[in-house]
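Protein chains in written order, with my numbering: chain A, 0 to 304; chain B, 101 to 337. Here a beta-carbon is modelled for each residue, glycine too, at the ideal position from N, C-alpha and C.
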Amino acid sequence: MVSGSDVTGEMETPMETTDTAGPDTAGSAAASPAAAADAPATSAQTAAPAVFDVSGLTVFYGDFRAVADITLPVLENEITAFIGPSGCGKSTVLRCFNRMNDLIQSARVQGSVKYHGVDLYDEDVDPVEVRRRIGMVFQKPNPFPKSIYDNIAFGPKIAGFKGNMDDLVHESLQRAALWDEVKDKLKESAFALSGGQQQRLCIARAIATSPDVVLMDEPASALDPIATLRIEELMFELKADYTIIIVTHNMQQAARVSDRTAFFNVDIDETGQRTGRLVEFNETGTIFTNPSEKATEDYITGRFG
Amino acid sequence: MSSTSGDLSHHDEIRHHFDVLMAGLLQGMVRMGALVTENTRRAGEAMTENRLDLVKTVRKADAEVNSMYATLERQTFETLARQQPVASDLRFLVATTRILYELERSGDLAVNCVNVLERENGFPGSAALRSLVGKLVTEASALFARAIDALADMDEDAGPRLDAEDDAVDDTVSAFYTAIGRESTEIGLESAIELSRIGRYLERIADHGVNIGEHVTYIVTGEFPADLHPVLDDEDG
């Protein structure tokens, strides 16, 4: 990471909250970068500083424009949910936050993704360091074919962790609400765990390297309802220490767990070209009780999607 | 929420956040209920002690009740929208929207009492009438307070029990009306009508208490109040 990565001051959005800032301000947030800073200010809630500030983000895969002109802030110690139908670009945007799109050869990014004020796509920025600070959990639990203990220890070891590894493993599993279930079998294979436990192990692994942000791409879609609720409860606890962005097809999950929700949709132009766009971004309570855009209403009420 | 005991700590930690939200709503309603009980007694004191200075205090306290109503109603709707409640959770949240209404209306009725006092520039009746108002305030506010206790305890028998207890309040209201009739010549028709309004307001506060009890019974048992009472009471007259 470049030396300026700890700069947070300039990214703080001065969100004077007023009762008059209604849903309309949110609707314009998607279209206008200038409005983005004001968009989430719809309640008297204390505004957190922005961890990410996305502005005019457009992602191409070759000639295909996957998403266009995304502008939104991601606030510290909040859970931000990205929802929308398949192909709306929500996962594409998520992958920009830790430069996972770099791993796709044809991917090209325009606009800016600022992380604590530093442009993540600046040529001085080391993507490996980015991924240490911005961890990721995937749809399918993907533990390493190793012991539970080594799943946690692997990342820190690679990163040159010098502290007490037992303590780190303990703490990471504790935070992921898994310790009590695995403390007597740390040397057993991670594959012996249930799907929900494996996913919590992956979350423990993601936080073992002390990230600042955890990205979650459909983290519960492969789990049963109770394991899903456990993951959500865990996310709630984790947001005290981390900023979380979750992509989910399950809009009820976004409703339950997130502080803010971004609804993405697919635009189809006259040539049949499909492009993902941010339709509405607001506090989750507003999105699910009184969204300002008809497309949002239609999607969350199950009228299309 | 447990459907049998109403014990908010019944769930394990899987939906801890949701349980905290629900407990917060219940606490908010209980606090609103305590404010309304207190304000009803304060309105009673204003009437029986002829304390016109308390009129403003009663209105101010009701403003807090109204503000809590607005906040809790919004939280309830948001919880309904975001948490996909079913079974006892759904009954609790739907009943909460109704209980909030009962609480808010009861608060208004206490204000209505002191509004009469202000219009009449003091309590317009004999010591006997004043003493009957005092009795009515005591009984209505006590029933209301028991309804709030039942709410806090998720007492499944609250509905039928409070309904039975309300008969005593109705008897006192009748006695009050009779006494107003006896004195109507001395106090004048207009004041007699105003006094009878006070009787009606206090009777309604007790009725709202009974309704709260019925909502509690519904939350715990799933039995609709309408099934207990095929003919519901008239709305505020």
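- Query: With a cut-off of 9 Å, does the C-beta of glycine 284/A fall near any C-beta of chain B?
  - Reply: Stepping through the first sequence from its first residue, residue 284/A is reached at position 285. By this cut-off, glycine 284/A is an interface position.
- Task: Would you tell me roughly how many angstroms separate the C-alpha atoms of valine 212/A and alanine 67/A, rounded to the nearest one?
- Result: Sequence index remark: in the first sequence, residue 212/A carries index 213 (1-based). Sequence index remark: in the first sequence, residue 67/A carries index 68 (1-based). Cα to Cα, valine 212/A sits roughly 24 Å from alanine 67/A.
- Query: Where in the region 54 to 133 of chain A do unbroken runs of the alpha helix (DSSP H), each at least 4 residues long, occur, reported from the N-terminal end onward?
  - Reply: The region 54 to 133 of chain A is shown to contain whole alpha helix (DSSP H) runs of 4 or more residues at 89 to 95, 126 to 132, in chain order.
- Item | phenylalanine 160/A - DSSP class collapsed to helix/strand/coil | As a first step, residue 160/A is located in the first sequence; it is residue number 161 there, counting from the start. If DSSP states are grouped into helix, strand and coil, phenylalanine 160/A belongs with coil.
- Kindly list the residues whose CB is nearer than 6 Å to the CB of glutamine 183/B, restricted to its own chain and excluding five residues on each side of it in sequence; keep chain order. The residue labelled residue 183/B in the question sits at position 83 within the second sequence. Sequence-distant Cβ neighbours of glutamine 183/B in its own chain, meaning closer than 6 Å and more than five residues away, are Phe118.
- Message: With a threshold of 8 Å, are at least 3 pairs of Cβ atoms found where one atom belongs to the region 167 to 182 of chain A and the other to the region 194 to 206 of chain A?
- Response: A contact exists between the region 167 to 182 of chain A and the region 194 to 206 of chain A.
- Item | Nearest-angstrom Cα separation, counted from alanine 219/A out to alanine 226/A | Stepping through the first sequence from its first residue, residue 226/A is reached at position 227. Stepping through the first sequence from its first residue, residue 219/A is reached at position 220. So the two alpha carbons sit approximately 8 Å from each other.
- Item | Contact check, glycine 225/B vs leucine 295/B, beta carbons under 9 Å | The sequence position of residue 225/B within the second sequence is 125, counting from 1. The sequence position of residue 295/B within the second sequence is 195, counting from 1. A contact, by the Cβ cut-off of 9 Å.
- Alpha-carbon to alpha-carbon, glutamate 164/B and alanine 264/B: In the second sequence, residue 264/B corresponds to position 164, counting from 1. In the second sequence, residue 164/B corresponds to position 64, counting from 1. Taking the straight line joining both Cα atoms gives about 31 Å.
- Task: Quick one: list the residues of chain B neighbouring glutamine 251/A, beta-carbon separation under 9 Å, in chain order.
- Result: Position 252 of the first sequence holds residue 251/A. Here the neighbours are Arg182, Gln183, Gln184.
- Message: Determine whether the beta carbon atoms of isoleucine 133/A and tyrosine 114/A lie at a separation below 9 Å.
- Response: As a first step, residue 133/A is located in the first sequence; it is residue number 134 there, counting from the start. As a first step, residue 114/A is located in the first sequence; it is residue number 115 there, counting from the start. Contact: yes.
- Proximity test, Cβ basis, 9 Å: aspartate 271/B and chain A: One-based indexing of the second sequence puts residue 271/B at position 171. No, because no Cβ of chain A sits closer than 9 Å to the Cβ of aspartate 271/B.
- Message: Residues in the same chain with beta-carbon distance under 6 Å from valine 273/B, minus the five sequence neighbours each way, listed in chain order, please.
- Response: Within the second sequence, residue 273/B is the residue found at index 173, counting from 1. Gly299, Glu303, listed in sequence order.
- Task: Rounded to whole angstroms, what's the CA-CA distance from proline 325/B to leucine 243/B? Just pull it up for me.
- Result: What you label residue 325/B is simply residue 225 of the second sequence in a count that begins at 1. What you label residue 243/B is simply residue 143 of the second sequence in a count that begins at 1. Whole-angstrom Cα-Cα distance: 18 Å.
- Message: So, under 8 Å CB-CB, threonine 157/B and arginine 142/B are touching, yes? Tell me the CB distance rounded to an integer number of Å.
- Response: As a first step, residue 157/B must be located in the second sequence, where it is residue number 57. As a first step, residue 142/B must be located in the second sequence, where it is residue number 42. Cβ-Cβ separation between threonine 157/B and arginine 142/B: approximately 6 Å, consistent with a contact (criterion under 8 Å).
- Query: Who are the neighbours of alanine 254/A on chain B, taking C-beta pairs under 9 Å?
  - Reply: Working through the first sequence from its first residue, we reach residue 254/A at position 255. Going along chain B in sequence order, the residues near alanine 254/A (Cβ under 9 Å) are Ala181, Arg182, Gln183, Gln184.
- Listed by chain order, chain B residues near threonine 288/A by CB distance under 7 Å: The count along the first sequence starts at 1 and reaches residue 288/A at position 289. Under a criterion of Cβ atoms nearer than 7 Å, the residues of chain B adjacent to threonine 288/A are, in order, Phe177, Glu178, Ala181.
- Message: Using C-beta distances below 8 Å, list every residue in its chain close to glutamine 138/A, excluding the 5 sequence neighbours before and after it, in chain order.
- Response: Position 139 of the first sequence, counted from the first residue, corresponds to residue 138/A. Asp216, Glu217, Pro218, Ser220, Ala221, listed in sequence order.
- Message: Which residue marks the beginning of the beta strand (DSSP E) containing valine 213/A, and which one marks its end?
- Response: Against the first sequence, residue 213/A aligns to sequence position 214. According to the DSSP assignment, valine 213/A belongs to the beta strand (DSSP E) that extends over 212 to 216.
- Query: With 16 as the cutoff for other CB atoms within 10 Å, does methionine 193/A come out buried or exposed?
  - Reply: What you label residue 193/A is simply residue 194 of the first sequence in a count that begins at 1. First, the residue type needs correcting, since residue 193/A is serine and not methionine in the sequence shown. It is exposed - the Cβ of serine 193/A has fewer than 16 other Cβ atoms within 10 Å.
- Does the Cβ-Cβ distance between glutamate 279/A and glutamate 292/A come in under 9 Å? Translated into positions along the first sequence, residue 279/A becomes position 280. Translated into positions along the first sequence, residue 292/A becomes position 293. The Cβ-Cβ distance between glutamate 279/A and glutamate 292/A falls below 9 Å.
- Task: Alpha carbon to alpha carbon, how far is leucine 74/A from proline 22/A? Give it in angstroms, no decimals.
- Result: Position 23 of the first sequence, counted from the first residue, corresponds to residue 22/A. Position 75 of the first sequence, counted from the first residue, corresponds to residue 74/A. Confidence in proline 22/A is poor, its pLDDT being 39 and thus under 50, which makes the residue's placement too unreliable to answer from.
- Item | Through-space distance from valine 112/A to phenylalanine 51/A, alpha-carbon basis | Position 52 of the first sequence, counted from the start, is the residue given in the question as residue 51/A. Position 113 of the first sequence, counted from the start, is the residue given in the question as residue 112/A. Distance between the alpha carbons of phenylalanine 51/A and valine 112/A: 7 Å.
- Task: Can you give me the start and stop residues for the beta strand (DSSP E) that leucine 200/B sits inside?
- Result: Within the second sequence, the letter at position 100 stands for residue 200/B. Here leucine 200/B belongs to no beta strand (DSSP E); instead the alpha helix (DSSP H) covers 187 to 219.
- Item | Contacting positions in the region 112 to 133 of chain B - beta carbon closer than 9 Å to chain A | Under the 9 Å Cβ criterion, the region 112 to 133 of chain B contributes Glu113, Ile114, Arg115, His116, His117, Phe118.
- Taking only beta carbons into account, state which residues of the region 218 to 237 of chain A come closer than 7 Å to chain B, listed in chain order. Within the region 218 to 237 of chain A, the qualifying residues are Ile225, Leu228, Arg229, Glu232, Phe235.
- Task: With a 10 Å radius around its C-beta and 16 neighbouring C-beta atoms as the bar for buried, classify phenylalanine 63/A as buried or exposed.
- Result: The sequence position of residue 63/A within the first sequence is 64, counting from 1. The residue is exposed, with fewer than 16 neighbouring Cβ atoms inside 10 Å.
- If you draw a straight line from the alpha carbon of aspartate 307/B to that of threonine 238/B, how long is it in whole angstroms? Here residue 307/B refers to the residue found at position 207 when the second sequence is read from its first residue. Here residue 238/B refers to the residue found at position 138 when the second sequence is read from its first residue. Whole-angstrom Cα-Cα distance: 14 Å.
- Message: Please state whether the Cβ-Cβ distance between arginine 229/A and alanine 80/A is less than 9 Å.
- Response: On the first sequence, residue 229/A is found 230 positions in, with the first residue counted as 1. On the first sequence, residue 80/A is found 81 positions in, with the first residue counted as 1. In this structure, alanine 80/A does not lie closer than 9 Å to arginine 229/A by Cβ.
- What are the boundary residues of the beta strand (DSSP E) that leucine 177/A is part of? Within the first sequence, numbered from 1, the residue matching residue 177/A stands at position 178. Where leucine 177/A is concerned, there is no enclosing beta strand (DSSP E), given that its DSSP letter is neither H nor E.
- Query: Which word fits threonine 295/A, buried or exposed, when buried means at least 16 other C-beta atoms lie within 10 angstroms of its C-beta?
  - Reply: By one-based count along the first sequence, residue 295/A stands at place 296. Buried is the call here.
- Check the DSSP bridge columns for arginine 273/A and list the partner residues they point to. Looking up residue 273/A in the first sequence gives position 274. Arginine 273/A has Ile267/A as its beta-bridge partners, per DSSP.
- Message: By the DSSP assignment, the alpha helix (DSSP H) with threonine 227/A in it spans what residues?
- Response: The sequence position of residue 227/A within the first sequence is 228, counting from 1. First-last of the alpha helix (DSSP H) with threonine 227/A: 224 to 237.
- Would you call the region 79 to 95 of chain A and the region 262 to 277 of chain A in contact, with 3 or more CB pairs under 8 Å? Touching, per the Cβ criterion.
- Which value, in whole angstroms, describes the spacing of the CA atoms of arginine 219/B and tyrosine 201/B? Looking up residue 219/B in the second sequence gives position 119. Looking up residue 201/B in the second sequence gives position 101. Each residue's alpha carbon lies about 27 Å from the other.
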